[in-house]
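One structure below.
Protein chains in written order, with this note's numbering: chain A, 136 to 426; chain B, 136 to 426.
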């Protein structure tokens with residue numbers, strides 16, 4: 136960036152200063168693409184940490200104060216909290232402000248936000264496909280979005296100039312931006328993210344509960360199991376909201392998955408080596424094909 | 136090692152020169168703990184690669200020749216091939232030779248090998264808990280077993296001196312050696328390794344087959360999904376044999392897992408946020424506790 140030019144975003148307000156919101160702030164700061172970052176949240180400890188780590192320049196627990204004169208508002212709270220936040224901040228947004236989000240389910244977010252948009256304020260639904268199992272401002276880092284995809288799901292109400300700015304913002308943060316229709320986003324994410332998380336959570340709970348011989352099985356868990364179940368320690372509230380708001384697409388994928396798992400179990404039960412080999416080969420081919 | 140002392144193992148014969156067998160050979164060579172390594176396999180290309188990479192010093196496709204005068208024979212073929220290999224090599228083993236293996240299921244291996252042991256030849260059932268999704272001699276590397284656990288499952292027939300030598304061998308390769316009863320090993324591994332693999336294979340197949348809207352869903356798979364399904368590209372033949380030979384313990388774990396997954400699905404279907412939160416929190420606690 137040319138230091139004599141104004142930054143892309145004068146004032147950024149991040150509501151929910153955790154891994155997702157904090158990392159965006161750090162990425163934009165590192166690129167000189169933001170003038171000031173205001174953090175909003177409920178936990179003062181976390182906000183103080185965010186300020187100490189340079190994630191935000193100042194903070195407030197009052198969202199209506201935090202959004203004052205903000206050019207861009209990034210909503211990074213759990214999905215089910217977004218509607219309330221939007222209702223609360225709507226009267227305090229400046230004309231021309233752009234609201235965007237990082238929610239993992241887009242239909243529910245669009246429905247929760249668009250009805251409350253004041254005239255002259257724009258909303259761009261977004262979803263950066265990045266994350267770790269950690270949460271809180273302390274987990275944020277400037278390169279989280281490097282070489283990741285960010286999906287934007289504009290609707291018929293989305294302003295073209297606001298969309299272009301949000302696209303540019305994510306590119307500056309290091310992401311490849313793709314656009315996708317809202318419903319397609321929710322189906323794709325149900326398959327490649329939401330289902331795998333449900334599978335991992337179930338796996339850890341099933342193995343953890345298996346104590347038939349008091350063998351402390353988890354104690355033996357090797358590298359593979361640990362890597363495999365890493366995502367099962369992701370933020371429970373965030374995943375409750377995802378499961379509830381992408382219910383239909385997720386249930387469809389879970390049913391699809393259950394059929395495959397049951398087929399595999401049947402082949403093991405009947406000792407069908409041919410079918411087992413075919414099942415494992417097919418999986419290996421799919422997996423190898425995406426790399 | 137003191138260069139003036141003879142190595143722990145004079146001649147090592149590795150039957151099945153892939154990731155597991157090849158990496159043991161490289162680890163022992165790196166430590167100066169082996170005099171000569173003879174590789175045995177069916178694929179000449181792979182054996183030539185192994186020799187070129189210094190994994191083995193020489194090779195043969197004839198196991199009866201390969202085991203001649205070997206002090207230690209490491210069986211690293213898929214489990215269902217072990218019985219045939221043992222029958223074939225038994226008459227050619229020198230008195231005092233030690234046979235050990237790296238199979239992921241121990242009851243089936245013990246039953247396949249112990250009946251064919253000639254007098255004066257010892258068998259130590261073993262299972263190094265290590266691996267990657269890659270296979271073949273090219274995938275082998277000397278540090279695969281560093282800081283990994285190796286489980287030995289001696290039976291009432293296991294010779295104490297042979298057990299001590301195999302223990303020492305794995306320690307030299309960098310592993311922490313633990314002993315476990317055969318049936319316990321198979322239950323623990325069903326839970327922490329075999330079940331997770333079945334889950335991953337099913338997940339990749341379910342997502343890969345979900346093409347209802349021709350959306351090329353796998354194309355969007357992000358870091359999380361890739362990590363999660365990495366193990367679904369492990370060697371299909373090896374996993375067929377594991378599924379068939381640890382059938383009972385694996386089916387029990389699969390049934391346990393199905394119950395948890397069905398419970399989760401039910402909670403999503405009924406929109407029970409409290410139960411979902413509890414489910415995800417419990418998983419996070421279990422997972423965090425093992426780290």
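Glycine included, C-beta positions come from ideal geometry on N, C-alpha and C.
- From the beta-carbon of residue 423(B), the residues of chain A found nearer than 7 Å are 368.
- Against chain B, the beta carbon of residue 419(A) has neighbours under 9 Å at 268, 336, 339, 367, 368, 369, 370, 371, listed in chain order.
- Remark: C-beta atoms of residue 201(B) and residue 194(B) approach each other more closely than 9 Å.
- In the structure shown, residue 323(B) adopts helical secondary structure according to DSSP, grouped into three states.
- Sorting 340(B), 277(B), 406(B) by C-alpha distance to the C-alpha of residue 156(B) places 277(B) at the top.
- Between residue 252(B) and residue 234(B), the C-beta spacing is below 9 Å.
- Taking a 10 Å sphere around the C-beta of residue 263(B), we find 16 or more other C-beta atoms and assign the residue as buried.
- Using a Cβ-Cβ cut-off of 8 Å, residue 326(A) is close to 342, 345, 352 of chain B, given in chain order.
- Each of 162(B), 417(B), 378(B), 406(B) was checked against the Cα of residue 395(B), and the nearest Cα belongs to 417(B).
- The beta carbon of residue 392(B) falls within 9 Å of a beta carbon belonging to chain A, placing the residue at that interface.
- Bridge pairing for residue 261(A): 287(A) [DSSP].
- Nearest Cα to residue 407(B) within the set 391(A), 400(A), 380(A): 380(A).
- Straight across, the Cα-Cα distance linking residue 338(A) with residue 331(B) is about 7 Å.
- Neighbours of residue 330(B) across chain A, judged by C-beta separation under 8 Å: 338, 341, 342.
- Rounded to the nearest whole angstrom, the C-alpha separation of residue 241(B) and residue 257(B) is 16 Å.
- 403, 404, 406, 408, 411, 412: these are the residues of the segment 402-413 of chain B whose beta carbon lies less than 7 Å from some beta carbon of chain A, given in chain order.
- C-alpha of residue 236(A) to C-alpha of residue 151(A): approximately 10 Å in a straight line.
- For residue 233(B), the uninterrupted beta strand (DSSP E) segment begins and ends at 233-236.
- Taking C-beta separations shorter than 6 Å and ignoring five residues to either side along the sequence, the partners of residue 411(A) in its chain run 402, following chain order.
- Taken in chain order, the complete alpha helix (DSSP H) segments of 4 or more residues contained in the segment 198-245 of chain A are 198-201, 217-224.
- Straight through space, the alpha carbons of residue 206(B) and residue 227(B) are spaced by roughly 12 Å.
- Residues of the same chain with a CB within less than 8 Å of the CB of residue 389(B), apart from the 5 flanking positions on each side, are 330, 333 in chain order.
- Between residue 369(A) and the set 383(B), 419(B), 323(B), the nearest pair of CA atoms involves 419(B).
- With fewer than 16 other Cβ atoms inside 10 Å of its own Cβ, residue 140(A) counts as exposed.
- Taking the CA atoms as reference points, residue 153(A) sits about 44 Å from residue 413(A).
- Contacts between residue 258(A) and chain B, judged by CB atoms closer than 7 Å, are missing: the closest CB pair is about 23 Å apart.
- Listed along the chain, the chain A residues whose CB falls inside 8 Å of the CB of residue 146(B) amount to none; the nearest CB is some 31 Å away.
- Check the Cα spacing between residue 397(B) and each of 198(A), 161(A), 386(A): the tightest is with 386(A).
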